[in-house]
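Protein chains in written order, with full-length UniProt numbering: chain A, 1 to 194; chain B, 1 to 194; chain C, 1 to 194; chain D, 1 to 194.
The beta-carbon is built from N, C-alpha and C at its ideal position, and this holds for glycine as well.
As structure tokens, the structure follows; a few thoughts come after it.
Number of protein chains: 4
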Amino acid sequence: MSDDASPSRAADRTQAILRTTVELAQEVGYAKLSIEGVAARTGVGKHTIYRRWPSKGALFLDAVLTPSEPGLDYPDTGDIVADLRRQICAAVDLLGRPPLGPLYRALVGEAQHNPAVAAALNERFIRPQADKTVARLRRAQQQGQLSADLDLDVAMDILSGPLYFRFLITQEPLSHEYVERVLDALLAGMRPTP
Amino acid sequence: MSDDASPSRAADRTQAILRTTVELAQEVGYAKLSIEGVAARTGVGKHTIYRRWPSKGALFLDAVLTPSEPGLDYPDTGDIVADLRRQICAAVDLLGRPPLGPLYRALVGEAQHNPAVAAALNERFIRPQADKTVARLRRAQQQGQLSADLDLDVAMDILSGPLYFRFLITQEPLSHEYVERVLDALLAGMRPTP
Amino acid sequence: MSDDASPSRAADRTQAILRTTVELAQEVGYAKLSIEGVAARTGVGKHTIYRRWPSKGALFLDAVLTPSEPGLDYPDTGDIVADLRRQICAAVDLLGRPPLGPLYRALVGEAQHNPAVAAALNERFIRPQADKTVARLRRAQQQGQLSADLDLDVAMDILSGPLYFRFLITQEPLSHEYVERVLDALLAGMRPTP
Amino acid sequence: MSDDASPSRAADRTQAILRTTVELAQEVGYAKLSIEGVAARTGVGKHTIYRRWPSKGALFLDAVLTPSEPGLDYPDTGDIVADLRRQICAAVDLLGRPPLGPLYRALVGEAQHNPAVAAALNERFIRPQADKTVARLRRAQQQGQLSADLDLDVAMDILSGPLYFRFLITQEPLSHEYVERVLDALLAGMRPTP
DNA sequence: ATGTAAGCGAGACGGTACGTCGTGTCTTAGA
DNA sequence: TCTAAGACACGACGTACCGTCTCGCTTACAT
């Protein structure tokens, strides 16, 4: 008697809870987010949340990642430098600024206290992105656009790391101009040119 | 009544509280650390803690940074690559592994939720280290050991970032060998050598 | 499809639920008894219980009274004192000690909070017993074995009351010897014999 | 700095909580009384209640008994029958009708589920009253106003029991006329007068 | 040397949230 | 059609900390 348009009560509720979680987190911040509050605002019993997620961290992870998961697909225009620039700027625009930025920052913060969140963050978001990046880098390397000596796993870290450092540690804003400067430095290398 | 050997009751108490905080954090983790617990274990009234620190985060920051503050002085042997390697390895050994590693990780995590902690972490630890690093890099650049084009502020980020990325995000262990690979990649640059 | 040997699925289930209720109440006490628990232990849906009884109290009343209802028939040997002694001792033995005693005590306790239970307890158990008692007392009075002045309704209360008082209020054990002492006092009266 | 008129914060709060408990119990009944509700209405943290009483039953016992404890003093006019009548009627008027009646009924009900409440009820209320009653009966017996054979401990039970039976079991109202009828029956005895 | 204040331990207090349990209603799938 | 299973909104449980507050007691300073 139920048609495709109303797939299941359970999924409806799950979505509603995730939406409220994002809303509330944006209003009061992750630290003051509470399962009690999410339940009340969604009009849902606390148990309905605990049945789905074991902790505030797990709920928050789902709430932040679910909408952006199919988000950052990798371009391949043939020009690795342009593609990296495009991809990194997209990531910075999505995760490095409001509205998602503060939530993503809080999510990474939570991962430092909660190993389950750290693991899930890696598996659901970081590793897939890294794999795509490494694959793209490998193609570029094979085409001679990157140094044959370049250690591709490390390349992933040196491309992401500086931005995460600025995002999490010094907490200065992330501009496209900054991305450019990082890319320039990485491409050229630190050693004096002969 | 107080002599040099017991400089001040207040300082004694402060030290005792900081010691307990580290102890307790190592035992139960930052998430389950509580001011109530620190007070009880130290044998101190809660007020005595609140009089000194405004929040658990601030207390924890002091507890983690106080002992390691006079820690990572920069060497200058004349060889910038050797000095960087030495310095980064020292930092990794101190902050990247037990016993201090988990505490430092939690501290950075807390900084994501608490702007005051983020600011204090930067001012008391990150910025001073960065300044020393940049100064050392500048000398090397002037001596021709680094590319004249190198953007020194960015250099600081690309040296630290990859290690923080691995420490905070993928949470894989930090070995000296990994430091070496990062340095190699950064020095050589990603572009193919002509 | 159902024959005499399996009178009805419904009745079977009802009996099973009542049995579990008694079992569980004996194990954990009435206060910790729950419909949820009874359903789980019986292997029955909660609805199947709610369809039959409106509340825990009503279920418990049925569970306690059903087996003992056809219990306390009144003897008439011609000797009213002997009959009262026999009857009261039987009641005390059945309801005043384990295994049924604690359940009956809890049932009366529940009746203090739940008027429906109080009413049902009276109608299904107390009043029928009282009617039989009064009838027996009336015969005895007509035969001259009891004072012609005796107020028979009150007689019922003064025979039962002291035992209930001891059972519910002072919660001291009920022995046959105690029954004897009560009967002696009631028969003789408190006034000095002239 | 504090004078006799403001004895202590603690006692103030205790009294406020007990008052609210009685109020709330009268409004919603014992079954729906909750520690949460009492705390909210009193404007007090739940812990402040749990610090003082281990359970709803214990709190309720205090709330009901505290005001009426110094309540039912025994008269001695020299006429035991008149004194019993006076005393029993006073008890019936206080505990057998609103406002206290329903609370006392609920208290006795709770005692059936909670041994601690049963014990406290006995020690703080029932036994002291019983002791006074027995003492008064003993004087009357020595003066020849009661049968020399009367078993005084049992006398206590047969005086109280019928009223408790009516109060708790049949739950009919308790009138002075009923008290009279019980006393008449008990004084005269059930045996036919020769 | 003696007030007098400041710091202190202890812990009560009003709150908020926790994670769990049971209620009574409702839905779903299977017999 | 009735059932078992269990999701659901709700409300209360009893616990844990929060940050504030009052208590006496002990230091240590200023008179």
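Distance check between I49/C and each of A140/C, V28/C, L18/C places L18/C closest, using alpha-carbon atoms only.
Against A185/A, the close residues of chain B are L150, D151, V154, A155, I158, in the order they occur along the chain (beta-carbon pairs closer than 8 Å). Annotation for V182/B: P162 place their beta carbon closer than 6 Å to its own, counting only its chain and skipping 5 residues before and after. The three-state secondary structure of K32/D, taken from DSSP, is coil. Secondary structure of E180/A (DSSP, three-state): helix. At a cut-off of 4 residues, the continuous stretches assigned as alpha helix (DSSP H) that sit fully inside the segment 46-126 of chain B are 46-50, 56-68, 80-95, 100-113, 115-121. Using a Cβ-Cβ cut-off of 8 Å, Y164/B counts as an interface residue toward chain A, since at least one Cβ of chain A sits closer than that to its own.
For L168/D, the chain C residues whose Cβ falls inside 8 Å of its Cβ are V108, A111, Q112, Y164, L168, in order along the chain. Take W53/D, set aside five residues on each side of it, and the residues of its chain with a beta-carbon closer than 8 Å to its own are L59, D62, in chain order. If you ignore the 5 residues before and after V117/A, its C-beta comes within less than 6 Å of the C-beta of G57, L61, E110, A111, all in its own chain and listed in chain order. Taking a 10 Å sphere around the C-beta of S160/D, we find 16 or more other C-beta atoms and assign the residue as buried. A straight-line Cα-Cα distance of about 19 Å links Q15/C and A120/C. V154/B: member of the alpha helix (DSSP H) spanning 152-164, first to last residue. For T77/C, the closest Cβ of chain D is not nearer than 8 Å. DSSP, reduced to helix, strand and coil, places L186/A within a helical segment of the structure shown. Fewer than three pairs of CB atoms, one per stretch, sit closer than 8 Å, so the segment 172-188 of chain A makes no contact with the segment 165-178 of chain B. Taking the Cβ atoms as the reference, L152/C lies roughly 11 Å from R139/C, outside the contact range of under 8 Å.
Nearest neighbour of H113/B by Cα position, chosen from A90/A, T193/A, V28/A, turns out to be V28/A. Neighbours of Y30/D across chain C, judged by C-beta separation under 7 Å: H113. One Cα belongs to G37/C, the other to E36/D, and the distance between them is close to 25 Å. In the assembly as shown, R51/A is an exposed residue. Its beta-carbon has fewer than 16 other beta-carbons within 10 Å.
Against chain A, a Cβ distance below 9 Å from A11/B picks out nothing, because the smallest value is about 30 Å. Taking C-beta atoms as the reference points, L84/D and R191/C fail to come closer than 8 Å. In the three-state DSSP reduction, P194/A falls in the coil class, being neither helix nor strand. With a cutoff of 8 Å on beta-carbon distance, A40/D and L33/D are scored as not near each other. Contact between Y164/A and F165/B holds: their C-beta atoms lie close to 5 Å from each other, under 8 Å.
DSSP places D12/B in the helix class (H, G or I) of the three-state scheme. Excluding residues up to 5 positions away in sequence, A63 lie with their Cβ nearer than 6 Å to the Cβ of V22/C in the same chain. Interface annotation, R105/C: in contact with chain D, CB-CB separation under 8 Å.
In terms of Cα proximity to Q145/D, the closest of A11/C, G78/C, G43/C, G189/C is G189/C. For F125/D, same chain residues with a beta-carbon under 6 Å away, outside a window of 5 residues either side, are L65 in chain order. Within the same chain, L137, Q141 come within 8 Å of L150/B by CB-CB distance, once the 5 residues on both sides are set aside. Shown here for T77/C: same chain residues with a beta carbon closer than 6 Å to its own, the five before and five after excluded, namely D83 in chain order. If you check each beta-carbon in the segment 90-104 of chain C against every beta-carbon of chain D, none falls closer than 7 Å.
Look at T133/A: its C-beta is not under 8 Å from any C-beta on chain B.
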